[in-house]
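Asker: Protein chains in written order, with this note's numbering: chain V, 5 to 342; chain W, 857 to 1005.
Glycine residues also receive a C-beta, built at the ideal position from the N, C-alpha and C atoms.
Sharing a structure, written as structure tokens. Questions coming.
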């Protein structure tokens, strides 16, 4: 493990043993549906509350992951996970039923890249042999916490995004075996606050954080977007994606058509009416497991960057007139060596 | 890299899509107008049923509130509102929706701490400042009335 600037590069890269993606109804109607392991047509998942539904979503995701990896719980040294609910409860309640050491991680919508980066460092450093990294979000649980009741008749602004109902999980192990996707580098982002106070414009608030992390990564590693098959952002949406391109262009970095946004891949924005695109911790997590990792496994892509952005405000700070601080964490994923 | 805040605010303004105002206005006008027209129809019906003018007015409000509550419960009012905007927000049906939707939403947090406490979380400010405004106007009216008559 070496450090160059903000980048942690793994000399003996940890491997991504397995992954799983679980989604809800809108995700089932979206263009990536075929990549999901399990899709629910009822977003309640048979539970009493939306909060419980999100935990159940995670439970299914974790169980599928273990099944796919052919691993049992005692073989996992640590689980890292997070979600958007207050105090990270969706994840905490999931791990009531999974007997494994658990550390909650909160990075809002950046949590998937954050847990993956942490899992990489911990396994490469020998602190754990096998780490489960998982995040989720649920549209209904997020709406009632951050915005208005579901049945309230409000109009969305054109910059508003749609919180994904989904969970994604990866199993990261110490040293990548042949045939396993490799986690070759990671970078933890710095908090950036461009003074955006509009809680319905997350893409606008988060773009500078993503630009900062990417710019530093390219500078530290003396590489460029063209060296990658894809530079995936978590949930910048249509607004944030445009801003990211302009900000990087201003620094002389050409994204060279390599940029894709998970929030724009998960839904058909026009027909599914998801506003400026998908968002939420489960958005990047499920797109990673349903779309990006399978493409790396089959060799359709050789090397990608995943940059997940998180808006780190709360409903309280927004009401108090504070602006939205944001962060973006990055992982570099590389196709298996035979 | 750090674009300064003013520069970024300008960039944001350039990039962010704007609301399609004409389309929004038309939706709000016709749906809002439609709800008012419906109210007129209901009022005429109550009058035809033999109620006095003031009773028919109160019954009309009650009918619209009940209809909006039922439609909110079915999840239909919110579907119309995503297009109609102020057209569904401003009439009394919008106020009913603002009270009923949190009542349904927070039912799982208990009848007192959920429904009771959260029911007016959206409509509460309208009530507070509505009552305050009427009290202030009452005082003003009391002061200027001697000169008005």
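1) 8 Å is my cut-off, CB to CB: does residue 63/V come that close to chain W?
2) Rounding to the nearest angstrom, what Cα-Cα distance links residue 991/W and residue 997/W in this structure?
3) Which chain W residues are close to residue 53/V, counting only those with a beta carbon under 7 Å from its beta carbon?
4) So with Cβ pairs under 8 Å, would you call residue 163/V a contact of chain W?
5) Are the C-beta of residue 945/W and some C-beta of chain V separated by less than 8 Å?
6) For residue 167/V, is the classification buried or exposed, using 16 other Cβ atoms within 10 angstroms of its Cβ as the cut-off for buried?
7) Whole-angstrom Cβ separation of residue 132/V and residue 81/V, contact assumed at under 8 Å?
8) The alpha helix (DSSP H) with residue 144/V in it runs from where to where?
9) Would residue 207/V pass as a contact of residue 241/V if the rule is Cβ separation under 8 Å?
10) Can you give me the start and stop residues for the beta strand (DSSP E) that residue 106/V sits inside?
11) Check the Cβ of residue 356/V against every Cβ in chain W and list those closer than 7 Å, keeping chain order.
12) Three-state secondary structure (DSSP) at residue 872/W?
13) Could you pull the start and end residues of the alpha helix (DSSP H) that residue 287/V belongs to?
14) Compile a chain-ordered list of the residues in the region 201 to 219 of chain V whose CB is closer than 8 Å to at least one CB of chain W.
15) Residues of the region 859 to 871 of chain W with a CB closer than 8 Å to any CB of chain V: list them in chain order, please.
16) Going by the DSSP bridge assignment, what does residue 263/V pair with across the sheet?
17) Who are the near neighbours of residue 329/V in its chain, counting only those whose CB is closer than 6 Å to its CB and skipping five residues on each side?
18) For a quick check, are the C-beta atoms of residue 25/V and residue 294/V less than 8 Å apart?
19) Looking at the structure shown, is residue 5/V part of a helix, part of a strand, or coil, going by DSSP?
20) Report yes or no: is there a C-beta of chain V within less than 8 Å of the C-beta of residue 950/W?
21) Taking the straight line between their C-alpha atoms, what separation do you get for residue 230/V and residue 260/V?
22) Which residues in chain V have a C-beta closer than 7 Å to the C-beta of residue 937/W? List them in chain order.
23) For residue 975/W, decide whether its Cβ has a neighbour in chain V, counting only Cβ atoms nearer than 8 Å.
24) Is the Cβ of residue 254/V closer than 8 Å to any Cβ of chain W?
25) Going by beta carbon distance, what residues of the same chain come within less than 8 Å of residue 891/W, once the five residues before and after it are set aside?
26) Residue 175/V bridges to which residues according to DSSP?
27) Taking Cβ positions only, does residue 161/V come closer than 8 Å to chain A?
28) Is there at least one Cβ from chain W nearer than 8 Å to residue 194/V's Cβ?
29) Would residue 1002/W count as contacting chain V if we go by Cβ distances under 8 Å?
30) Taking residue 147/V and residue 154/V to be in contact with their CB atoms under 8 Å, please state how far apart those CB atoms are, rounded to whole angstroms.
31) Mind listing the chain W neighbours of residue 151/V? Cutoff is C-beta to C-beta under 8 Å, in chain order.
32) Could you tell me the alpha carbon to alpha carbon distance between residue 297/V and residue 314/V, rounded to whole angstroms?
33) Can you list the residues of chain V that residue 874/W reaches, using a CB-CB cut of under 7 Å?
34) How many angstroms separate the CA atom of residue 869/W from the CA atom of residue 327/V?
35) Sort 899/W, 986/W and 976/W by Cα distance to residue 156/V and report the nearest one.
36) Whether or not the region 30 to 43 of chain V and the region 273 to 284 of chain V are in contact is what I'm after, with contact meaning three or more pairs of Cβ atoms, one per stretch, closer than 8 Å; do they touch?
Answerer: Looking at the coordinates:
1) no
2) 10 Å
3) 964
4) yes
5) yes
6) buried
7) 4 Å
8) 143 to 150
9) yes
10) 106 to 108
11) Because chain V in this structure spans residues 5 to 342, residue 356/V falls outside the shown range and cannot be described.
12) coil
13) 285 to 291
14) 205, 208, 212, 215, 216 and 219
15) 859, 861, 864, 865, 867, 868 and 871
16) 235/V
17) 195, 197 and 316
18) yes
19) coil
20) yes
21) 6 Å
22) 157, 158 and 159
23) no
24) yes
25) 920, 943, 944, 947 and 949
26) 22/V and 136/V
27) The structure shown has no chain A; the protein chains it does contain are V and W.
28) no
29) no
30) 6 Å
31) Per Cβ cutoff of 8 Å: no residues; residue 151/V is ~11 Å from chain W at best.
32) 21 Å
33) 162
34) 17 Å
35) 976/W
36) yes
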